[in-house]
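A.B. asks: Before anything else, here's the structure in question.
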Amino acid sequence: MVQPPADETPSNPAVPSPTGTGLQAVWRAPDSTMLALGDAYLDEPRRVNAILSDGDGFECKGRWQTDDLGDLVVALLCEQDGTKVEGKDRLGEIERNGDTLTVTWKKGTTGTESFERFRDMDPA
Numbered sequence: 183m184v185q186p187p188a189d190e191t192p193s194n195p196a197v198p199s200p201t202g203t204g205l206q207a208v209w210r211a212p213d214s215t216m217l218a219l220g221d222a223y224l225d226e227p228r229r230v231n232a233i234l235s236d237g238d239g240f241e242c243k244g245r246w247q248t249d250d251l252g253d254l255v256v257a258l259l260c261e262q263d264g265t266k267v268e269g270k271d272r273l274g275e276i277e278r279n280g281d282t283l284t285v286t287w288k289k290g291t292t293g294t295e296s297f298e299r300f301r302d303m304d305p306a
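Per this note's numbering, residue 183 is the first one in the sequence shown, and the count goes up by one each step.
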């Protein structure tokens, strides 16, 4: 039996590869931080459609939308282990290039964070 080289991982047929092309997806950063972006919900401006989670109790919920200039922005209210964290709420600008999403943070943290398409959103 031929074994794959040690540096190659065989694909797992039980875990489907993402196939979507839109913004609505779950995105993952190299440090495993996840950013889930749902539908725009233009008729429900208070509905949460963006969730950021580092998997270690830090979670932010809010909205992404297109601003007046046509740019994509995200605004998030953040908690650590269910408790509001002062000064950590985030505001950022989103750019997407294929299966890569880059958020330039303007508030709550600084710099840019890159995410790769991880999986498609579950149908509602």
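Even glycine gets a Cβ: it sits at the ideal position worked out from N, Cα and C.
Please read these numbers as outputs of a predicted model, since none were measured by experiment.
So what does V208 bridge to, in DSSP terms?
C.D. replies: A218 and R301
A.B. asks: Would you call the region 265 to 276 in contact with the region 284 to 292, where contact means no fewer than 3 C-beta pairs closer than 8 Å?
C.D. replies: yes
A.B. asks: Does DSSP put T292 in a helix, a strand or coil?
C.D. replies: coil
A.B. asks: What first and last residue would you give for the beta strand (DSSP E) that runs through N279?
C.D. replies: Per DSSP, the continuous beta strand (DSSP E) segment holding N279 begins and ends at R272 to N279.
A.B. asks: Kindly indicate which three-state DSSP category W287 falls into: helix, strand or coil?
C.D. replies: strand
A.B. asks: Beta carbon of L234, beta carbon of E241: below 8 Å?
C.D. replies: yes
A.B. asks: My understanding is that W246 touches L219, with C-beta atoms under 8 Å, so please give their C-beta distance in whole angstroms.
C.D. replies: 5 Å
A.B. asks: Buried or exposed, going by whether 16 or more other CB atoms sit within 10 Å of the CB of T191?
C.D. replies: Interpretation of T191 is limited by its pLDDT of 39, a score under 50 that renders its predicted location unreliable; the figure taken from the coordinates is listed afterwards. T191 is exposed by the Cβ-count criterion.
A.B. asks: Assign R228 to one of three DSSP states: helix, strand, or coil.
C.D. replies: coil
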